[in-house]
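In UniProt numbering, the protein residues as written are 1 to 285. Just so it is clear, CB atoms sit at the ideal spot from N, CA and C, and this is done for glycine as well. For clarity, every value in this text was computed on a predicted model and none was experimentally measured. To keep things clear, I will list the structure first and then write my remarks on it.
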Ligand SMILES: Nc1ncnc2c1ncn2[C@@H]1O[C@H](COP(=O)(O)OP(=O)(O)OP(=O)(O)O)[C@@H](O)[C@H]1O
């Protein structure tokens, strides 16, 4: 799909401005990152045409978001809370979705089998939904979103409810899927998008506070993160803008934001540091 361009998108619900003048371009894999209540789900719902913006336009080449039915034919959506009938088998569920999406009857079998291969679920296709692990269920969610070969895949909170191993596996699936289609992943977990997305959009209180590549986001905090060890009894954290603390062999290792870029203890920042910095900076304004 061509680049999806959001121009001046705002959304008011019950008099409250939930999305404020968002201007972004979605191309490749984009991670939408923000704390709870930032407006991620609302923006995703606008993108899927489930709700209309109060003002602003969305376009992808000739495709206009006012033409809901046409746009929906190009979009695959995995909502945060995906569920299907528990007593249906995986294959029955996907057949049902293919029917709803009007997939040609003659092609249905092949399309479903290649989708199952893509998400690595061929071996469990005859199992009932209630027998699947959380990770497998999310993969069925991806499979249903992929049917119809959408050009834009939208995924809300991809790893919620998954254990660590499932998270890692699911992220590598997302990385693969993002190689040949546009994909938007909304999350409040930095690790979900750190290795899966080309670009990151940080949202807070309905506003985009930063949009760029991982390198561009990291640049905001270069020279501003330091780490130092303190003896446990001597540590006084009040004077520091603490990011995290770790206890190790009678010492406290403190990671903090510094305003002195000549400081000896400067370390390489992580994306998590940059996200925290940008979010907090906004709080202080
Ligand atoms: N239908 C609605 N009526 C009233 N307020 C709403 C409605 N939908 C969203 N909001 C408010 O808009 C803000 C943004 O909500 P949204 O669910 O989009 O955020 P989010 O970033 O997805 O957060 P979370 O991760 O907690 O779902 C919140 O303050 C929420 O309470």
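Along the chain, where does the alpha helix (DSSP H) that runs through residue i open and close?
i	result
residue 98	90-100
residue 219	214-219
residue 46	40-47
According to the Cβ coordinates, are residue i and residue j closer than 8 Å?
i	j	result
residue 256	residue 190	no
residue 145	residue 252	no
residue 28	residue 193	no
residue 53	residue 7	no
residue 214	residue 271	yes
residue 243	residue 225	yes
residue 35	residue 204	yes
residue 75	residue 152	yes
residue 19	residue 206	yes
residue 250	residue 278	no
residue 147	residue 94	yes
residue 125	residue 91	yes
Could you have a look at residue i and say whether DSSP puts it in helix, strand or coil?
i	result
residue 143	helix
residue 71	helix
residue 196	coil
residue 161	coil
residue 2	coil
residue 238	helix
residue 172	helix
residue 51	coil
residue 178	coil
residue 285	In this prediction, residue 285 scores a pLDDT of 43, lower than 50, which makes its location untrustworthy; no coordinate-derived value is stated.
residue 62	coil
residue 205	coil
Since residue i is in the beta strand (DSSP E), which residue starts that stretch and which ends it?
i	result
residue 82	Per DSSP, residue 82 belongs to no beta strand (DSSP E) and is neither H nor E.
residue 107	Segment 105-118 is the alpha helix (DSSP H) holding residue 107; no beta strand (DSSP E) there.
residue 241	241-248
residue 231	225-231
residue 187	182-187
residue 26	16-26
residue 155	152-156
Drop a sphere of 10 angstroms on the beta-carbon of residue i, count the other beta-carbons inside from all chains shown, and report buried for 16 or more, exposed for fewer.
i	result
residue 157	buried
residue 85	exposed
residue 237	exposed
residue 14	exposed
residue 71	buried
residue 260	exposed
residue 133	exposed
residue 3	exposed
Chain-ordered list of residues that sit, by beta carbon, closer than 5 Å to a heavy atom of ligand 1: 13, 18, 36, 37, 38, 39, 40, 41 and 42
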